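2 protein chains.
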Amino acid sequence: MASKNVIRAFQDLLGRENVYTEAADRHAYSFDSAVLDPVVPELVLQPTDTESLAGAVRLCNENELPLTVRGAGTNLSGGTLPAREKGVVLLTNSLNRVLEINTEDLYARGEPGVITAQFARAVAEKGLFYPPDPGSQTVSTLGGNVAENAGGLRGLKYGVTKDYVLGLDFFDVDGELIKTGARTVKCATGLNLAQLMVGSEGTLGVFKEIVLKLVPPPAAQQAMLAVFDSVDRASETVSAIIANKILPCTLEFLDNFTIRAVESFRGAGLPTEAGALLLIEVDGHPAQVEEDARKVREICQEMGVTELKVSQSAQEKESVWQARRDALPALARLKPTTVLEDATVPRSKLPAMVRAINDIANRHNLTIGTFGHAGDGNLHPTILTDKRDSEEFERVERAIEEIFDTALELDGTLSGEHGIGMAKSKFMEKEATRGTILYSRRLKQALDPKGILNPGKIMGA
Amino acid sequence: MASKNVIRAFQDLLGRENVYTEAADRHAYSFDSAVLDPVVPELVLQPTDTESLAGAVRLCNENELPLTVRGAGTNLSGGTLPAREKGVVLLTNSLNRVLEINTEDLYARGEPGVITAQFARAVAEKGLFYPPDPGSQTVSTLGGNVAENAGGLRGLKYGVTKDYVLGLDFFDVDGELIKTGARTVKCATGLNLAQLMVGSEGTLGVFKEIVLKLVPPPAAQQAMLAVFDSVDRASETVSAIIANKILPCTLEFLDNFTIRAVESFRGAGLPTEAGALLLIEVDGHPAQVEEDARKVREICQEMGVTELKVSQSAQEKESVWQARRDALPALARLKPTTVLEDATVPRSKLPAMVRAINDIANRHNLTIGTFGHAGDGNLHPTILTDKRDSEEFERVERAIEEIFDTALELDGTLSGEHGIGMAKSKFMEKEATRGTILYSRRLKQALDPKGILNPGKIMGA
Numbered sequence: 003m004a005s006k007n008v009i010r011a012f013q014d015l016l017g018r019e020n021v022y023t024e025a026a027d028r029h030a031y032s033f034d035s036a037v038l039d040p041v042v043p044e045l046v047l048q049p050t051d052t053e054s055l056a057g058a059v060r061l062c063n064e065n066e067l068p069l070t071v072r073g074a075g076t077n078l079s080g081g082t083l084p085a086r087e088k089g090v091v092l093l094t095n096s097l098n099r100v101l102e103i104n105t106e107d108l109y110a111r112g113e114p115g116v117i118t119a120q121f122a123r124a125v126a127e128k129g130l131f132y133p134p135d136p137g138s139q140t141v142s143t144l145g146g147n148v149a150e151n152a153g154g155l156r157g158l159k160y161g162v163t164k165d166y167v168l169g170l171d172f173f174d175v176d177g178e179l180i181k182t183g184a185r186t187v188k189c190a191t192g193l194n195l196a197q198l199m200v201g202s203e204g205t206l207g208v209f210k211e212i213v214l215k216l217v218p219p220p221a222a223q224q225a226m227l228a229v230f231d232s233v234d235r236a237s238e239t240v241s242a243i244i245a246n247k248i249l250p251c252t253l254e255f256l257d258n259f260t261i262r263a264v265e266s267f268r269g270a271g272l273p274t275e276a277g278a279l280l281l282i283e284v285d286g287h288p289a290q291v292e293e294d295a296r297k298v299r300e301i302c303q304e305m306g307v308t309e310l311k312v313s314q315s316a317q318e319k320e321s322v323w324q325a326r327r328d329a330l331p332a333l334a335r336l337k338p339t340t341v342l343e344d345a346t347v348p349r350s351k352l353p354a355m356v357r358a359i360n361d362i363a364n365r366h367n368l369t370i371g372t373f374g375h376a377g378d379g380n381l382h383p384t385i386l387t388d389k390r391d392s393e394e395f396e397r398v399e400r401a402i403e404e405i406f407d408t409a410l411e412l413d414g415t416l417s418g419e420h421g422i423g424m425a426k427s428k429f430m431e432k433e434a435t436r437g438t439i440l441y442s443r444r445l446k447q448a449l450d451p452k453g454i455l456n457p458g459k460i461m462g463a
Numbered sequence: 003m004a005s006k007n008v009i010r011a012f013q014d015l016l017g018r019e020n021v022y023t024e025a026a027d028r029h030a031y032s033f034d035s036a037v038l039d040p041v042v043p044e045l046v047l048q049p050t051d052t053e054s055l056a057g058a059v060r061l062c063n064e065n066e067l068p069l070t071v072r073g074a075g076t077n078l079s080g081g082t083l084p085a086r087e088k089g090v091v092l093l094t095n096s097l098n099r100v101l102e103i104n105t106e107d108l109y110a111r112g113e114p115g116v117i118t119a120q121f122a123r124a125v126a127e128k129g130l131f132y133p134p135d136p137g138s139q140t141v142s143t144l145g146g147n148v149a150e151n152a153g154g155l156r157g158l159k160y161g162v163t164k165d166y167v168l169g170l171d172f173f174d175v176d177g178e179l180i181k182t183g184a185r186t187v188k189c190a191t192g193l194n195l196a197q198l199m200v201g202s203e204g205t206l207g208v209f210k211e212i213v214l215k216l217v218p219p220p221a222a223q224q225a226m227l228a229v230f231d232s233v234d235r236a237s238e239t240v241s242a243i244i245a246n247k248i249l250p251c252t253l254e255f256l257d258n259f260t261i262r263a264v265e266s267f268r269g270a271g272l273p274t275e276a277g278a279l280l281l282i283e284v285d286g287h288p289a290q291v292e293e294d295a296r297k298v299r300e301i302c303q304e305m306g307v308t309e310l311k312v313s314q315s316a317q318e319k320e321s322v323w324q325a326r327r328d329a330l331p332a333l334a335r336l337k338p339t340t341v342l343e344d345a346t347v348p349r350s351k352l353p354a355m356v357r358a359i360n361d362i363a364n365r366h367n368l369t370i371g372t373f374g375h376a377g378d379g380n381l382h383p384t385i386l387t388d389k390r391d392s393e394e395f396e397r398v399e400r401a402i403e404e405i406f407d408t409a410l411e412l413d414g415t416l417s418g419e420h421g422i423g424m425a426k427s428k429f430m431e432k433e434a435t436r437g438t439i440l441y442s443r444r445l446k447q448a449l450d451p452k453g454i455l456n457p458g459k460i461m462g463a
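Each protein sequence line maps, in turn, to chains P and G.
Per this note's numbering, the very first residue in the first sequence carries number 3; after that it's consecutive.
Per this note's numbering, the very first residue in the second sequence carries number 3; after that it's consecutive.
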């Protein structure tokens, strides 16, 4: 436990009301959205300005208190769990100002605690577009999105968080300010530290201010729901769409198990007998949209779609998209424990990946619902289980490992958008070389000699 | 000088014919395209496969020989100059295989010595598009482009090299293989080392293989030449186009001095009385192109364009684009020394930046021709001088520093696309904090303890 003197120093710096020491308060920050054992922090800090944020980081380092920055705690790989001993959680929710939305130069600046969806809405009100839309966007924060390189439904056409980070101001472990990147699309000044920080899971610095690229919004959209009698046909249709050089802004997949779970959750009239559904949206200039939508319809027909429903209104589209957003909560309520994975493969390998996931589920006698961002090969096989059933959970762990092995055999990657955190750290060497892990650790050691910045995450086992 | 034993070890590793020790050979690699004093390397190595590349790096490190990797030597900031003592230049021109162009999954893999334009052409032959097009693309290499985060004419709409690097395999200073990134758009596995390497100017590792994102090509283009009687009107037109949410793929600027230089260079019929020219190209779906081109024409008219020429054929467009490509050689032949800068500002600050450059030229009684990528605020003020005239060159140096100061006052950056190298290292602290420089150096020290990877570059003075 931090000494009374240290706690008093935090109270002097942040104000008494922003230093939480009571068990009830601390327990609220002992878990994130990953399936891992909770770890109760010893201290929770809530700085209200970036100057005291820097001071808090410095105090942690001086007192060798391991520091985990937390936005909304929606992390799916345990990146937000504090250290087991002397763990401090630093909340960013009071650092939530949008500092600038520059409509002439197409960028915005914000503090790390700004909520993603609120930011996107503020940008939209100014007539511009911030594309990254992670599933947790209604509560997730920009800082968390950058720290995890969050993805979302629009990755295929618009890229992910890293593609929008132009610049970053952050504090090093001594609370010194580091400025990197710029407000311009072009910047070749100094090391690309801004992009090193993207996806670094809080292990290399603490964000002060983020500069994000904005783009003009598309003038038109069209959404479709395509029903297939088999998973194979649906996933082969995804590959065919991309191979025809159409880049839908969204191209989502739901398997039969997920469809039925969603339907019993909300009763939106989904075809429960379907092998798989694709939700497809194209956007851009109206003429482009019309042409792409026509080609997508033709490809679906060629691939043997059994039903194709084009949304005639924003409301109709919304009800289809709601079905996709319901996938995770609908699956999650079926069993006590939901393990949501995000292994990712090149798009053309999607049919093979989907088949492999089903094989793995059968072989280990497990329930896996699969949905996700089919267009960029980023599936979310979701294993429904009960962690208290240790025999079953062992099979779950074997299945997870086989899913990773398959993704890598198919030239894919361990994590598309959820990060490595604590959950996948031990698997890093399956994908990277030993040299990669050692290189990352040398870098980490140099920038955080006492190892206080979110220890135990990302660096491999 | 490297000892005979060391030279023999390199010869055994690479073959006698790939180890250059003769003065005549070494002199050829003593300079790049920056205005800096030449430095003759003591040894030049030309590995022909990536295994011996790793071995060469390891041998350099073991023998504490500072190593500078060189592609085509088109670097404009001295990034390719070897170290003053015991400098080894490592040529990548025999590592020039395009390993894969994957049309289903929209990526390509190549070795560092692949020539940019040849790569782009091979991609185009497969029906895809690799947008980054640095001015030196006919000779520059992919490895050099990544090491410098090269830009080009299409940055405004399509981004720069960093936006296309999906993955990277590189050797650390011990010759160990580091694998980072993936072949997928989404990847959240491990530290984002691929992007740390982008723009790192050869200071953190030696590239083995680069994975680049490809995109479907635009279906249509339209190019225009717009003539203005003043620089102000031209630069304000640029701002107006962007503010109207049009993103041309190219939006280039030439001032009167540059126009006259180009005209006397080739006699292409440019309006030599014009205050400034804009070259504008929009691309995308044909309907989008038509609409954007119409809006651009309207904006040009509103801003008082004196002549607007729409290219009616590929040939006509080519002759206009040739004029832009002639800008640098046309200016360069006017005086013995050409100092080409690339300070960059947010687009809306372009008019202020152009005015400031002209003020600086007048105040220091210097000849500065300005052209460049106006659409992304990335101008190339080009100072024509004679380095042997030390009195004038002192004025040049003062002017350069004032150009940097102005760019930073306007929320810009020291370098948009040429890098920091040796030329701008001493100016780093104008833009970054001292903390940023120290952070970068700690990182470098950890990854390259003997300081042999391209010493003296990027890290600040």
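Heads up, the beta-carbon is just placed ideally off N, CA and C, and yes, glycines get one too.
Note that this is a predicted model, so its numbers are computed, not measured.
Open item on the list: Spatial neighbours of P:Phe131 within its chain, please: C-beta separation below 7 Å, excluding the five flanking residues on both sides.
Closed with: Here residue 131 of chain P is taken as the residue at index 129 of the first sequence, counted from 1. Only Val125, Leu216, Val217, Pro218, Pro219 meet the Cβ criterion.
- [ ] Report buried or exposed for P:Pro348, applying the criterion of at least 16 other Cβ atoms within 10 angstroms of its Cβ.
- [x] As a first step, residue 348 of chain P is located in the first sequence; it is residue number 346 there, counting from the start. P:Pro348 comes out buried.
Open item on the list: Residues of chain G with CB closer than 7 Å to the CB of P:Lys181, please, in chain order.
Closed with: Numbered from its first residue, the first sequence carries residue 181 of chain P at position 179. Within chain G, the residues near P:Lys181 are Ala434, Thr435, Thr438.
TODO: Return the CA-CA distance between P:Asn364 and P:Tyr441, expressed in angstroms with no decimal places.
DONE: Taking the first residue of the first sequence as position 1, residue 364 of chain P is located at position 362. Taking the first residue of the first sequence as position 1, residue 441 of chain P is located at position 439. If I take the Cα positions, the gap works out to 39 Å.
Task: Residues of its chain near G:Lys452, where Cβ-Cβ distance is below 7 Å and the 5 sequence neighbours each way are ignored - done: Looking up residue 452 of chain G in the second sequence gives position 450. Result list for G:Lys452: Asn63, Glu66, in chain order.
Open item on the list: Whole angstroms are fine: how far does the CA of G:Asn360 sit from the CA of G:Glu238?
Closed with: Here the question's residue 238 of chain G lines up with position 236 in the second sequence. Here the question's residue 360 of chain G lines up with position 358 in the second sequence. Straight-line Cα distance between these residues: approximately 16 Å.
Task: Under 8 Å from the C-beta of G:Ile460: neighbouring residues of chain P - done: Counting from 1 along the second sequence, the entry for residue 460 of chain G is found at position 458. Correct list: Gly192, Leu193.
Open item on the list: Using a Cβ-Cβ distance cut-off of 8 Å, determine whether P:Cys189 contacts chain G.
Closed with: Along the first sequence, read from residue 1 onward, the residue named residue 189 of chain P stands at position 187. Closer than 8 Å to some Cβ of chain G, the Cβ of P:Cys189 qualifies, so yes.
- [ ] Quick one: residues in its chain with C-beta nearer than 8 Å to the C-beta of P:Ala434, no 5 flanking neighbours on either side, listed in chain order?
- [x] Residue 434 of chain P sits at position 432 when you count from the first residue of the first sequence. Correct list, in chain order: Gly462.
Open item on the list: Taking its Cβ as the centre, do 16 or more other Cβ atoms sit within 10 Å of G:Leu101, making it buried, or is it exposed?
Closed with: The residue you call residue 101 of chain G lines up with position 99 of the second sequence. G:Leu101 is exposed by the Cβ-count criterion.
Task: Alpha-carbon to alpha-carbon, G:Gly374 and G:Leu256 - done: Taking the second sequence and counting its residues from 1, the one referred to as residue 256 of chain G is at position 254. Taking the second sequence and counting its residues from 1, the one referred to as residue 374 of chain G is at position 372. C-alpha separation (whole angstroms): 7 Å.
- [ ] Answer with buried or exposed for G:Asp388, where buried requires no fewer than 16 other C-beta atoms within 10 angstroms of its C-beta.
- [x] Numbered from its first residue, the second sequence carries residue 388 of chain G at position 386. Exposed is the call here.
- [ ] Note down the Cα distance separating G:Gln197 from P:Asn194, rounded to an integer number of angstroms.
- [x] The residue labelled residue 197 of chain G in the question sits at position 195 within the second sequence. The residue labelled residue 194 of chain P in the question sits at position 192 within the first sequence. Cα to Cα, the separation comes out at about 7 Å.
TODO: Between the Cα of P:Pro114 and those of P:Asn147, P:Pro133, P:Ser138, spot the shortest distance and give me the residue it belongs to.
DONE: Indexing the first sequence from 1 puts residue 114 of chain P at position 112. Comparing Cα-Cα distances from P:Pro114 to each of P:Asn147, P:Pro133, P:Ser138, the minimum goes to P:Asn147.
Open item on the list: For chain P, check one thing: does any of its Cβ atoms lie closer than 8 Å to the Cβ of G:Met305?
Closed with: Reading the second sequence from its first residue, position 303 is the one you call residue 305 of chain G. Not an interface residue.
TODO: Use the C-beta contact count for G:Thr274: other C-beta atoms within 10 angstroms, 16 or more gives buried, fewer gives exposed.
DONE: Indexing the second sequence from 1 puts residue 274 of chain G at position 272. When all chains shown are included, G:Thr274 counts as exposed.
Task: Buried versus exposed, by CB contacts within 10 Å (16 or more), P:Glu396 - done: Translated into positions along the first sequence, residue 396 of chain P becomes position 394. Flag for P:Glu396 reads exposed.
Task: Nearest neighbour of G:Val213, chosen from G:Gln224, G:Val291, G:Phe172 [CA to CA] - done: One-based indexing of the second sequence puts residue 213 of chain G at position 211. Closest option to G:Val213, Cα to Cα, is G:Phe172.
TODO: Determine, using beta carbons only, whether G:Pro40 comes closer than 8 Å to chain P.
DONE: Indexing the second sequence from 1 puts residue 40 of chain G at position 38. So no, G:Pro40 is outside the interface.
Task: the segment 315-334 of chain G touching the segment 201-213 of chain G, judged by at least three CB pairs closer than 8 Å - done: no
Open item on the list: Would G:Ala85 and G:Pro457 be called neighbours here (beta carbons separated by less than 8 Å)?
Closed with: Taking the second sequence and counting its residues from 1, the one referred to as residue 85 of chain G is at position 83. Taking the second sequence and counting its residues from 1, the one referred to as residue 457 of chain G is at position 455. Their beta carbons are under 8 Å apart, which means G:Ala85 touches G:Pro457 by this criterion.
TODO: Return the bridge partner residues of P:Thr384 from the DSSP annotation.
DONE: If you number the first sequence from 1, residue 384 of chain P lands on position 382. Paired residue(s): P:Leu342, P:Gly371.
Open item on the list: I'd like to know whether the C-beta of G:Ile244 is nearer than 8 Å to at least one C-beta of chain P.
Closed with: For the purposes of this step, residue 244 of chain G is identified with residue 242 of the second sequence, where counting begins at 1. Chain P contact via Cβ: present.
- [ ] Give the single residue among P:Arg443, P:Asp51, P:Ala25 whose Cα lies nearest to the Cα of P:Glu44.
- [x] Taking the first residue of the first sequence as 1, we reach residue 44 of chain P at position 42. Per the Cα distances, P:Ala25.
- [ ] Report yes or no: do three or more beta-carbon pairs, one from the segment 279-289 of chain P and one from the segment 332-346 of chain P, lie closer than 8 Å?
- [x] no
Task: As assigned by DSSP and simplified to three states, the class of P:Met226 - done: Position 224 of the first sequence, counted from the start, is the residue given in the question as residue 226 of chain P. Three-state DSSP puts P:Met226 in a strand.
TODO: Please confirm if P:Tyr22 has its CB atom under 8 Å from at least one CB of chain G.
DONE: Numbered from its first residue, the first sequence carries residue 22 of chain P at position 20. Chain G contact via Cβ: absent.
- [ ] Could you list which residues in chain G have their beta carbon closer than 8 Å to that of P:Ile422, in chain order?
- [x] Counting from one through the first sequence, the residue named residue 422 of chain P turns up at place 420. Residues of chain G passing the Cβ test: Ala190, Thr191, Gly192.
Open item on the list: Just to confirm my understanding: we take G:Ala289, look at its own chain, exclude 5 residues before and 5 after, and list those with CB closer than 7 Å. What are they?
Closed with: Position 287 of the second sequence, counted from the start, is the residue given in the question as residue 289 of chain G. Within the same chain, G:Ala289 has no close Cβ partners at all.
Open item on the list: So G:Leu168 contacts chain P; which residues on that side make the cut at Cβ distance below 9 Å?
Closed with: Your numbering for residue 168 of chain G matches position 166 in the second sequence. Neighbours of G:Leu168 on chain P: none; closest Cβ ~10 Å, over 9 Å.
Open item on the list: Any beta carbon of chain P sitting closer than 8 Å to that of G:Arg18?
Closed with: Counting from one through the second sequence, the residue named residue 18 of chain G turns up at place 16. Not closer than 8 Å to any Cβ of chain P, the Cβ of G:Arg18 fails to qualify, so no.
Open item on the list: Beta carbons nearer than 9 Å to chain P: which residues of the segment 130-154 of chain G have them?
Closed with: Leu130, Glu150, Asn151, Ala152, Gly153
Task: G:Thr415 to G:Ser35 span [Cα, whole Å] - done: Locating residue 415 of chain G in the second sequence gives position 413, counting from the first residue. Locating residue 35 of chain G in the second sequence gives position 33, counting from the first residue. Cα-Cα distance, rounded: 21 Å.
TODO: Specify whether the segment 149-157 of chain P and the segment 401-410 of chain G touch according to this definition: at least 3 beta carbon pairs, one from each stretch, less than 8 Å apart.
DONE: no
Open item on the list: So with CB distances below 9 Å, who are the chain G contacts of P:Asp407?
Closed with: Residue numbering aside, residue 407 of chain P sits at position 405 when the first sequence is read from its first letter. Within 9 Å Cβ-Cβ: nothing; P:Asp407 doesn't reach chain G, min ~14 Å.
- [ ] Please name the residues in the segment 365-382 of chain P whose beta-carbon is closer than 7 Å to at least one beta-carbon of chain G, in chain order.
- [x] Asp378, Gly379, Asn380
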